[in-house]
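Protein chains in written order, with the working numbering: chain A, 1 to 217; chain B, 1001 to 1217.
Glycine included, each C-beta is placed from N, C-alpha and C at the ideal position.
This report refers to the structure that appears directly beneath it.
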DNA sequence: GTCTATAGCAGGATAGAC
DNA sequence: GTCTATCCTGCTATAGAC
């Protein structure tokens, strides 16, 4: 809206820096002074361009976060149609890949999930947008995809819990990086990330895969 | 330390209210004014009893959070020895039960996990305590317990990833309550909680359990 | 559209009476 | 040990010059 010229670069820089800082430290912990300093412009600019800090935060979700979800979703659909299978294995594989490797740079992905986790932990107005525009539709879609391939008697709710569990792992392995690094002692590099994708696929399809072995004490 | 008399009730009340508020809203969002008002005492009392707000936060972890971890762990060990099995099924069952039903009241559990999640999302000095005193030892213990019952060739790291995935679900189903309620439309009552325990056990042991079915598109 | 300067307020921490 | 009153800092938001 309005004229899009050279004049909007400040606005764009503000959105970029704001997103990085909000993702990193959370809404309350970030000050407008910090954001404007990072963007190399003046304190008043946030008020001029967005009205106030709250609106800037929402605009980060609309102009940065939401388009990124669409890119992830497209990547998921593409990688699924390029395989010629709608087996659970194929679906989980495409899903884990889209979310953990997919179209996002590592930095983008980290931001993306930090924003999600912070909204889940302490919902604000952006939470509504997250649930109605993203989670609910994607979970519904996955339920439809999976239901035909699941054991026959499975209910909608069981299906939904399965989907949420996969999502839980994807989310966890993205947001608990610090803890995971501290516990495993491994760097969060691309080799480890590839390993995580494999693990999520394997665990989602067969869990511990030891149900037939374990013995009595 | 020091004299334990009627005089420490204020201190205890401060710790209780501080924990509830920190868990709910996070460290930054809570003000000492809020805490002292909830505890029904004066603003200066936090400074008097704990020195400053930071120390109060750490003391919440030491005097409330850490003992609660011990109770959960004891409950886990007890329920495991009362079954006469160290099969993965028994271990996962005892684990899911200890964390989702176990010795904690629903309110306590919610607080407990909110504190964990907030530390994982934005580590402070309490994060060290969490990793070294709790996560690392429990994960190690679980790795030892499980390794004998797992498929023979499994490496330490695979084992650790499996354990972290179970932990991821337990954590997720505790902290994402708002999102889960919004998506499933179900109240987070004890019936639903029991269902979640069953689900976590089932999913941990066999994943989607559909690896043999799904067909080509 | 961008800046400086400042109003107006809320935060943590402290001094000192009781 | 608890209180009131207050200091000082740092925040958002705004007014007004350029």
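For residue 1012/B, decide whether its Cβ has a neighbour in chain A, counting only Cβ atoms nearer than 9 Å. Residue 1012/B does not count as touching chain A.
Helix, strand or coil for residue 85/A, going by three-state DSSP, please let me know. strand
Could you give the C-beta distance for residue 91/A and residue 146/A, rounded to a whole number, given that I count them as a contact under 8 Å? 6 Å
For the region 120-131 of chain A, list every residue whose C-beta sits within 7 Å of some C-beta in chain B, in sequence order. Identification of residues in the region 120-131 of chain A having a C-beta nearer than 7 Å to some C-beta of chain B yields 120, 121, 122, 123, 131, given in sequence order.
In chain order, which continuous runs of the alpha helix (DSSP H) of length 4 or greater are located wholly inside the region 53-134 of chain A? Assignment of alpha helix (DSSP H) within the region 53-134 of chain A, counting only whole runs of 4 or more residues, yields 53-60, 66-82, 88-100, 106-121, 125-130 in chain order.
Measuring only the C-alpha atoms, how far is residue 24/A from residue 1191/B? 37 Å
Using DSSP with H/G/I as helix, E/B as strand and the rest coil, what is residue 8/A? helix
Does any CB atom of chain B fall closer than 9 Å to the CB of residue 207/A? yes
Contact set between residue 1176/B and chain A, taken where Cβ atoms lie within less than 7 Å: Against chain A, a Cβ distance below 7 Å from residue 1176/B picks out 120.
Flag residue 1026/B as yes if its beta-carbon sits less than 9 Å from any beta-carbon of chain A, otherwise no. yes
Cutoff 9 Å: residue 199/A Cβ touching any chain B Cβ: yes
For residue 1106/B versus residue 1053/B, is the C-beta spacing smaller than 9 Å? no
Indicate whether at least one CB of chain A lies closer than 9 Å to the CB of residue 1088/B. yes
CB-CB under 8 Å to residue 1163/B, same chain, minus the five flanking residues each way: which ones, in chain order? 1139, 1142, 1143, 1146
Got a sec: is the Cβ-Cβ distance from residue 1172/B to anything in chain A below 9 Å? Yes, because at least one Cβ of chain A sits closer than 9 Å to the Cβ of residue 1172/B.
Which word fits residue 1174/B, buried or exposed, when buried means at least 16 other C-beta atoms lie within 10 angstroms of its C-beta? Around the C-beta of residue 1174/B, 16 or more other C-beta atoms lie within 10 Å, and the residue is accordingly described as buried.
Could you tell me whether the Cβ atoms of residue 1099/B and residue 1076/B are closer together than 9 Å? yes
Who are the Cβ neighbours of residue 1068/B in its own chain at under 7 Å, not counting the five residues just before and after it? 1104, 1108, 1112
Is the distance from the Cβ of residue 1057/B to the Cβ of residue 1027/B below 9 Å? In this structure, residue 1057/B lies near residue 1027/B, with their beta-carbon atoms less than 9 Å apart.
Does residue 170/A come out as helix, strand or coil in the three-state DSSP assignment? helix
Would you kindly check if the distance between the Cβ of residue 1207/B and the Cβ of residue 151/A is under 9 Å? no
Quick check on DSSP: helix, strand or coil for residue 187/A? coil
Pull up the distance between the alpha-carbon of residue 1149/B and that of residue 1203/B, whole angstroms please. 17 Å
Considering only C-alpha positions, which residue in the set 1177/B, 1059/B, 1073/B is nearest to residue 1125/B? 1059/B
Leaving out the 5 sequence neighbours to the left and right, which residues in its chain are closer than 6 Å to residue 1038/B when beta-carbon positions are compared? 1017
Do you know how far the Cα of residue 177/A is from the Cα of residue 1155/B? 21 Å
Under a CB-based cut-off of 9 Å, is residue 1161/B close to chain A? yes
Identify the contact partners of residue 204/A in chain B, using a Cβ-Cβ distance below 7 Å as the criterion. 1207, 1208
Taking Cβ positions only, does residue 1165/B come closer than 9 Å to chain A? yes
Any chain A beta carbon closer than 9 Å to residue 1139/B: yes
Evaluate residue 1062/B with the Cβ neighbour count: other Cβ atoms within 10 Å of its Cβ, from every protein chain shown; 16 or more gives buried, anything less gives exposed. In the assembly as shown, residue 1062/B is an exposed residue. Its beta-carbon has fewer than 16 other beta-carbons within 10 Å.
Look at the Cβ atom of residue 15/A, then the Cβ atom of residue 41/A, and state whether they are nearer than 9 Å. no
Within the continuous alpha helix (DSSP H) that includes residue 1046/B, where are the two ends? 1044-1050
Residue 1137/B classed as buried or exposed, judged by whether at least 16 other C-beta atoms fall within 10 angstroms: Residue 1137/B comes out exposed.
Would you say residue 179/A lies against chain B (beta-carbon separation less than 9 Å)? yes
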